[in-house]
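J.: This note's numbering numbers the first residue of the sequence shown as 39 and each following residue consecutively.
For reference, the structure I am asking about is given below.
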Amino acid sequence: KAPAGPALDYSDMNFDNGIGADYVSTVGTGINDPLVFAFEVVGDSMLPAFAPGEICLCSPNTPIEDGDAVYVRFGSERDNECTFKRVYDLKDGRVELRADNSRYNPMIAPKEHIVRMSYVAAKITRFDKQKRGGY
Numbered sequence: 039k040a041p042a043g044p045a046l047d048y049s050d051m052n053f054d055n056g057i058g059a060d061y062v063s064t065v066g067t068g069i070n071d072p073l074v075f076a077f078e079v080v081g082d083s084m085l086p087a088f089a090p091g092e093i094c095l096c097s098p099n100t101p102i103e104d105g106d107a108v109y110v111r112f113g114s115e116r117d118n119e120c121t122f123k124r125v126y127d128l129k130d131g132r133v134e135l136r137a138d139n140s141r142y143n144p145m146i147a148p149k150e151h152i153v154r155m156s157y158v159a160a161k162i163t164r165f166d167k168q169k170r171g172g173y
């Protein structure tokens, strides 16, 4: 899970066992990265493009460009937080992490505080039959 809102301490979210909680198929996604991993969107900062509960697939080997959606995990300098935002290189050793939802302020972070930044290559949207209603 990755918070699409304020960054949270990764270990406080009670799901990091080093392996993951489940497996997600990449069949049909076009992602061929052997290091692919997935996370569930938590929060509303990436609305409307990414909704809470959607599953995002990250391709760590895909180069990142300005404006790309990325999963970010910080080191101990930022209390091992993780977040999900769009990234912009400030060209001065820092990045701006910006939410799609304008209710959230951008975050500025030194690159050396980032342990992992991975490109979000695809998302899986769940359609809940109970919320859809009938014909």
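Glycine included, every Cβ here is placed at the ideal spot set by N, Cα and C.
These numbers were taken from a predicted model, which means no experiment stands behind them.
Could you please give the first and the last residue of the uninterrupted beta strand (DSSP E) stretch that includes V80?
T.: From DSSP, the beta strand (DSSP E) with V80 extends over 75-80.
J.: Just to confirm the assignment: which complete beta strand (DSSP E) runs, minimum length 3, are found wholly within the region 89-164?
T.: Within the region 89-164, the complete beta strand (DSSP E) runs of at least 3 residues are 93-97, 107-112, 119-127, 132-136, 145-148, 152-162.
J.: Of the choices R116, G66, T121, D106, whose alpha-carbon is the least far from that of E78?
T.: The option with the nearest alpha carbon to E78 is T121.
J.: For a test of the three-state rule: what should DSSP assign to A40, helix, strand or coil?
T.: Three-state DSSP puts A40 in a strand.
J.: Can you list, in chain order, the residues of its chain with a C-beta nearer than 7 Å to that of R111? Leave out the 5 residues immediately preceding and following it.
T.: The answer, listed in chain order, is Y48, C120, V153, R154.
J.: For V62, I'd like the list of residues in its chain whose CB is within less than 8 Å of its CB, leaving aside the five on either flank, ordered along the chain.
T.: So the qualifying residues of the chain are A76, I93, L95, I162.
J.: Here's the rule: buried if 16 or more other CB atoms are within 10 angstroms of the residue's CB, otherwise exposed. What is S114?
T.: So S114 counts as exposed.
J.: Using the C-alpha atoms, what's the distance from N139 back to A40?
T.: For A40 and N139, the distance between alpha carbons rounds to 16 Å.
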